[in-house]
Each structure stands twice: as C-alpha cells, then as structure tokens.
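Student: Residue numbers (full-length UniProt numbering): 1 to 529.
Quick one: this structure, given as structure tokens, is what I'll be asking you about.
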C-alpha cells in the first residue's frame, strides 16, 4: 500500500512535494517546464522466480489550473506512469512529451520509435494540448514507451480538463486478463465520467520492480499548475528485497479487508492487533524502570476556580494567547452581535451549550457563537481549552475556522465563521431536500481531506472522535466543514500512534483505516497514565 506522504516521494526538476500535495508544475513556472515525482518504494510488478505477476489499483485526485495571464492554456498535460526502478528520465522532455519521452527523438522520428532500456514506461496521460501525434486537444490515453496512445484513448470535450476543479482517476490492472482500465470523473455539481481500456502485458514490457509516479510538462508559450492532491496504490504482489522504505510502509501480499462487525474472525484479528499495539506502548512506557507521564494540552489543575465559581473554572490567558489566528473577543461585542443572545437567533442546542448566529461589526463578518452552559462539565471545559489552544492553530479549507473566544462573566464562548448551509444531518433527514450524488461525493471528498489533514499532515495527530452528520457543516457551495474537535495527542504520543496506525494498515483495507484510527482514542489513557 503506497500513499501520498511528502517524504515518500522524490521530486525532480520543477516538481515540489509539500504537505498534502505534489506540485508537478507550480504557478511560477512559465514555458519549457517539466516536473516529475515518483514513490521511493519499488513496486514488485512480477516475480521471475515464481512466475507470479501483480494486479493493482491506483487512485488519485488531481487538478490542472491555468495561470493568470495565459488564458486557458495550461501546458500540455500530465501523466501517471510506471517505469523501471529507479527511473532514468530523458533530459529533454518538454511539451507533449510530458516529462517521459525524449523530445529530440520525437522531433526526428515522431512517435515511430519507442523508448528502450531504462527509458521504457507505461503511462496514463491526461493530455490538454494537441501535438502532431495526438487524436485531439483533450484526451486520456494509455501510452507504452511512446506518447502515441495508438487507439487506446478517449477524446474529451475541449477545455474539459483545465480549471475543472478536483478530478478523480482510478487505474486498475488485471494481470489475468492483461486489461488496464482507466476511469476519470470530472466536475462536482455536474460530473462527467470518462474511461479508456487497453490490453497491456506489463510483465513483458517492464522489469520485475518498477517505480510509480507522476509527470507533467509545458512548452515555450504555456504555463499551468499541475498538482496531485491524493494518491493510493495497492498491489496483490509484495515487494521483495527492497530497501527504499521500511517494511511497515507496505501492504504485503493480498489485500485484506477488515470491517467492524464483519464477524468473529475479523474482530479477533483487530483485537489481537490492538492488544499488541497497547503492549508496545506499555513496554515503551515502562523502560528505564518508570512510566512516562505525558501532559495533555489542558491541565486539570488549572481548571480550579479563581472567582468562587467551581462550575466554570479559570483559564490561563497566557496559554491561550500562544495560539495563532483567533484572539479574545470582549463579551460585550458578542452580546451586541447576537442581540443579547436572542432566542430567534439560536441555531441549535446540544448537551454542552447553545449556538447563536450573530454579526460582529468590529470584524465585519457573520459568525456562529457557541455558548457553553453555565456550570459546564469538566468535559465541556476540556473541549473549550482544546479548541482555543490547539484547534485554533489548524488551517484547512474543510475545517470550520475558529476566529475568537471569550471567557468572562463566568461564561465560556467560542466564535466561529458562520457556515450558512447548516449541518449535514438537516439535509440528510429533510424530506423536502435531496442531496444529489455529485454533492454527496463532494462532501465525502472534503471530509476525507479534513481527516487526512488531522491524522497525518499537521504537526501532531489530531483525532476527532465524534464524526457524525451534525458535526459536518456545509457552506454555500456544499463544501464540507468539520467542526467540534476534541483530542490532540502530543508529538511524542503522535509518533507512537503513527507507528500503530501503520501496523494496522498491514491487515486493514486502506479505505476503512480512518474508522480504526478513531479506536485508538480509547487507548490514550493507557499511554498517558
């Protein structure tokens, strides 16, 4: 199992790998640019000793954007490729060669001669510019050591791949039938689906171990941002004798699917894994003759009162000010914004408090203000402290932004950006409104992006622990915004959780691992005590 983690990819030329994405070509590149990035872990395509060959599935989200001032000409396109490990790419490979094929050879011979030796490749191209060997301007095709798809292509409407937002592609190879299937979904509210199928005998075309990656290129007069936003790769054949990455990064062997409630056997496997993981934590904690104590972002001792109101508890302003972004907002401003918390402005009420809609004149923005109930429970005070000291530092388009806080007059208040379409549960259970499948897909994609950011891409592992429709807000464009975050594990604990998570991935289908990550929450007291 390969995933999109920045340190696992090797960028080349104009490509840059950052947290959460691969920018093959960035906004600053204009003309004669190329970018390539490939996973450092070799993939076992076939095994000469046993005769076994792999079937695999690759899934990725990507985008191609035009750069301001260049119209809708965004370059020549990008490709997903398999090439000999480690790949040796031609130095001159711009324009329609997409960073894969030798440009000099293309000029001299067109596509009548294939790449050979370590320059071989099999690629799926997402082409946006018509070259002499192309069937059209926009098309997807399967390329074998050449940029000529040779009949294995699907023509797309002109302009359909540029500035189309996030596009989703799946590449499936069945070694039994030698069939390579490519599916592409373009658009959100109105989705267009395209596919292409080719018969390709990969073991006869490529060596036993291959690299998988992405490439893109532009010519003299074009510029465009080509980015890979997510990636997963699963093969049925384990990689042998590979030192590129630790073995924990591989899935190994056949794909194993484990689901909660799927049966006694599946449950037993999961329990054994969790017990083993807990044992690892306890052994680590007991080394050196003493157990480690890890301080949470909040400290219960600081929750003692300073004003005689034990039900509220004091908070440490110095700790809160260390957060970036949100700042304290005077209670008077919040009262004025909500007309003294008028009932007709109440958006909802839960066990820990009520939420009101308001308008902060001082900030010039509409807000949602959560007012914790008087006599807030210890859990409510922990939530408040965690929101301000930890969650305020998170920045992601699919998280509701915390813009301010207030703890005065023995009240605890949190101020968020107002998300105008309300929570997901209101749309799911409202018989008068039906969410279309494209919108549902967009919501799932946004939610997954937020969870990936919380679990892997931020400095610490943040586990939500309460993902449900009422905690998923929708903006005007029905983009998902996750709210109500509780649990942040310190760096020292996050490292152990990451190791456990990677171990679980050996036996759990990657599509469901986020569900199991939430189970780790129940293990935190064992690690902290």
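No residue lacks a Cβ here, since even glycine has one placed at the ideal position from N, Cα and C.
Just so you know, these numbers come straight off a predicted model, no measurement behind them.
Taking the alpha carbon of residue 168 as the point to measure from, which residue in 80, 211 and 178 has its own alpha carbon closest?
Tutor: The shortest Cα separation from residue 168 among 80, 211 and 178 belongs to 80.
Student: What span of residues does the beta strand (DSSP E) with residue 11 cover, start to end?
Tutor: Taken as a continuous stretch (DSSP letters only), the beta strand (DSSP E) holding residue 11 covers 9-13.
Student: Rounded to whole angstroms, what is the Cα-Cα separation between residue 366 and residue 240?
Tutor: Answer to the nearest angstrom: the Cα atoms are 57 Å apart.
Student: Determine whether the beta carbon atoms of residue 36 and residue 15 lie at a separation below 7 Å.
Tutor: Closer than 7 Å, so yes.
Student: For residue 146, write down the residues that DSSP places opposite it in a beta bridge.
Tutor: DSSP, once it has assigned bridges, lists no residue as partnering residue 146.
Student: Using the Cβ count rule (16 or more neighbours within 10 Å means buried), how would you classify residue 193?
Tutor: Answer is exposed; the Cβ neighbour count stays below 16.
Student: Could you tell me the distance, in whole angstroms, from the CA atom of residue 173 to the CA atom of residue 154?
Tutor: Cα to Cα, residue 173 sits roughly 18 Å from residue 154.
Student: Hey, is the region 83-90 in contact with the region 53-69, meaning 3+ C-beta pairs nearer than 8 Å?
Tutor: No: fewer than three Cβ pairs fall under 8 Å.
Student: So what does DSSP say about residue 313, is it helix, strand or coil?
Tutor: With a pLDDT of 42 at residue 313, under the threshold of 50, the modelled position of that residue is not reliable, and the figure given next carries that caveat. Three-state result, residue 313: coil.
Student: So, using beta-carbon positions, are residue 447 and residue 480 closer together than 7 Å?
Tutor: For residue 447 and residue 480, yes; Cβs fall inside 7 Å.
Student: Determine the DSSP secondary structure at residue 349, reduced to helix, strand or coil.
Tutor: Of the three classes helix, strand and coil, the one that applies to residue 349 here is strand, per DSSP.
Student: Across the region 171-185 and the region 133-143, are there enough close Cβ pairs to call them in contact, namely three or more that are closer than 8 Å?
Tutor: Touching, yes, given that three or more Cβ pairs across the two stretches are closer than 8 Å.
Student: Quick test of the definition: if touching needs 3 or more C-beta pairs under 8 Å, does the region 342-349 touch the region 392-406?
Tutor: The region 342-349 vs the region 392-406: no contact.
Student: Would residue 101 pass as a contact of residue 147 if the rule is Cβ separation under 7 Å?
Tutor: Yes, the Cβ-Cβ distance between residue 101 and residue 147 is below 7 Å.
Student: If you follow the alpha helix (DSSP H) that residue 427 is in, where does it begin and where does it stop?
Tutor: Unbroken alpha helix (DSSP H) run through residue 427: 424-428.
Student: On a Cα-Cα basis, can you pick out the residue from 162, 212 and 352 that is closest to residue 83?
Tutor: Considering only alpha carbons, the answer is 212.
Student: Exposed or buried, which one is residue 119 when buried takes at least 16 other CB atoms within 10 Å?
Tutor: Per the 10 Å Cβ criterion, buried.
Student: What three-state label does DSSP hand residue 331 in the structure shown?
Tutor: Residue 331 falls in the helix class under three-state DSSP.
Student: To the nearest angstrom, how far is the alpha carbon of residue 78 from that of residue 43?
Tutor: Cα-Cα distance, rounded: 21 Å.
Student: Over what stretch of residues does the alpha helix (DSSP H) that includes residue 449 continue unbroken?
Tutor: Unbroken alpha helix (DSSP H) run through residue 449: 437-452.
Student: If we ignore side chains and look at the alpha-carbon of each, how far apart do residue 46 and residue 434 end up?
Tutor: One C-alpha to the other measures close to 47 Å.
Student: Based on DSSP bridge pairs, tell me the residues matched to residue 357.
Tutor: Answer is 368, bridged to residue 357.
Student: Going by DSSP, name the residue or residues bridged to residue 174.
Tutor: DSSP, once it has assigned bridges, lists 179 as partnering residue 174.
Student: With 16 as the cutoff for other CB atoms within 10 Å, does residue 125 come out buried or exposed?
Tutor: Buried, by the Cβ-count rule.
Student: Let me check one thing: in DSSP terms, what residues is residue 66 bridge-paired to?
Tutor: 224, per the DSSP bridge assignment.
Student: Please report how far the alpha carbon of residue 462 lies from the alpha carbon of residue 394, in whole angstroms.
Tutor: Cα to Cα, residue 462 sits roughly 10 Å from residue 394.
Student: Give the DSSP bridge partners of residue 408, in chain order.
Tutor: 411, per the DSSP bridge assignment.
Student: Pull up the DSSP beta-bridge partners for residue 55, would you.
Tutor: DSSP lists no partner for residue 55.
Student: Out of 383, 445, 419 and 443, state which residue places its alpha-carbon closest to the alpha-carbon of residue 464.
Tutor: The option with the nearest alpha carbon to residue 464 is 383.
Student: Could you spell out the range, first to last residue, of the alpha helix (DSSP H) harbouring residue 204?
Tutor: Residue 204 -> alpha helix (DSSP H) spans 202-205.
Student: Alpha carbons only, please: which of 191, 206, 162 and 445 is nearest the one belonging to residue 145?
Tutor: Comparing Cα-Cα distances from residue 145 to each of 191, 206, 162 and 445, the minimum goes to 206.
Student: Measure the CB-CB distance between residue 225 and residue 13 and report whether it falls below 7 Å.
Tutor: Not closer than 7 Å, so no.
Student: What does a CB cutoff of less than 7 Å around residue 396 pick up in its chain, not counting 5 residues either side in sequence?
Tutor: If we look at residue 396 and ignore the five residues flanking it on each side, its Cβ neighbours are 450 and 453.
Student: In the DSSP assignment, the beta strand (DSSP E) including residue 215 goes from what residue to what residue?
Tutor: 209-217 is the span of the beta strand (DSSP E), which, as asked, contains residue 215.
Student: For the putative contact between residue 372 and residue 348, defined by C-beta atoms under 8 Å, what is the C-beta separation to the nearest angstrom?
Tutor: The Cβ separation is near 14 Å, so there is no contact.
Student: Looking at the unbroken beta strand (DSSP E) that takes in residue 239, where does it start and where does it end?
Tutor: Element bounds for residue 239: n/a, residue is neither H nor E.
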